[in-house]
Each structure stands twice: as C-alpha cells, then as structure tokens.
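Be aware that the sequence shown starts at 234, since it is given in the numbering used here, and climbs by one per residue.
Think of the CB as a built atom: it goes at the ideal place given N, C-alpha and C, for glycine as much as any other residue.
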Amino acid sequence: MESIRFSRPLHCDTMELRSKITIIDCIQSEMYGFAQLSALNFTDVTCCDVFADNDNDAESECENVCVAVMQMAGLRNDRKLRKIKTCMKRNPLYRCFLRCVQWNHESSAAFVFEEHCSWRNKMLPGKLYLGDELRV
C-alpha cells in the first residue's frame, strides 16, 4: 500500500520476479488503464541497462533512478519517464532508453546497445579512449 500511496518502489525481495511483474502491471493497469502497459511496463526495467557504465554518471544515479522508478506501480508513465529523463541535467542516453523500450515492445530479440545507441554518449568530453583502461 505504501508503494502506491507514496509512489515508492515495490520492495518484495522474497517474491518471485514473475509475481512481482504481474502485481506491478496489474496495479498500473487498474489505476491508469491498460494503455499504460502497452507504452511502458515493468519488464522494460531491462532498458535501464543503457545507463550503466556511463563515465558522465560515475555514481550510476540514472541507472538507479530508472530501476527504482520502474518499480513504482502507483506512478503514471509520464511521471516515470520525466524522472528518468531528468536524472541528469543533460541526458543523451534517455533517447537510447526510449529506443530500447520500443524495441522490447516490437521484438523478442535482445536489445544490443551498440546497434541502437552511441558509446560517445557515455564518454567524458576531452578524454581519450583507446581500449581497455590501464590500472596502475
């Protein structure tokens, strides 16, 4: 109930993933209609991976926000997307996230970051990238 009333992530660590997906999707469709699920649903949490390994977000703030927001059954999709988009002042990976969501809804194949998005969006401006990072 707290998850719905205060728009917090649904924390049910002992629950099987399939059950959690069913519950979140059910709550969201009951509160906002089935059309919400066709646009964005809990299984799209896999798209939060596009925010991983971003040198412009060393603390993984966007990835963490994305995962948390996707578990908020009581939050409408437009608000979820706004929170994800504004996790950083400049968030070029947001468009990649939207591509991933669209891909998930249209294809059963895995979303491959390199085929749809640019690694440049994860790189620091002015930093030279030549391969594996050297650790001294």
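Practice problem: Check Ala342 in the structure and name its three-state DSSP category. | Solution: Note: Ala342 maps to coil in three-state DSSP.
Quiz item: Taking the alpha carbon of Ala343 as the point to measure from, which residue in Asn287, Arg309, Asn310 and Asp277 has its own alpha carbon closest?
Solution: Considering only alpha carbons, the answer is Asp277.
Practice problem: May I have the straight-line CA-CA distance separating Asn289 from Ser351, to the nearest angstrom? | Solution: The straight-line gap from Cα to Cα measures roughly 14 Å.
Quiz item: Looking at the structure shown, is Glu263 part of a helix, part of a strand, or coil, going by DSSP?
Solution: Here Glu263 sits in helix by DSSP.
Quiz item: Phe267: buried (16+ other C-beta within 10 angstroms of its C-beta) or exposed?
Solution: By the neighbour-count rule (16 or more Cβ atoms within 10 Å), Phe267 is not buried but exposed.
Exercise. Determine the DSSP secondary structure at Asn337, reduced to helix, strand or coil.
Key: Reduced to three states, the DSSP call for Asn337 is helix.
Quiz item: Which value, in whole angstroms, describes the spacing of the CA atoms of Arg283 and Glu296?
Solution: Note on residue identity: the sequence assigns Val, not Arg, to residue 283. About 8 Å.
Practice problem: Keeping to the same chain, check which residues put their C-beta closer than 6 Å to that of His349; ignore five residues upstream and five downstream. | Solution: The answer, listed in chain order, is Arg332.
Quiz item: What residue does the alpha helix (DSSP H) around Cys299 start on, and which one ends it?
Solution: Bounds of the alpha helix (DSSP H) holding Cys299 are Glu294 to Met303.
Quiz item: Are three or more beta carbon pairs between the stretch 302–311 and the stretch 321–332 nearer than 8 Å?
Solution: Because the criterion of three Cβ pairs below 8 Å is not met, the stretch 302–311 and the stretch 321–332 do not touch.
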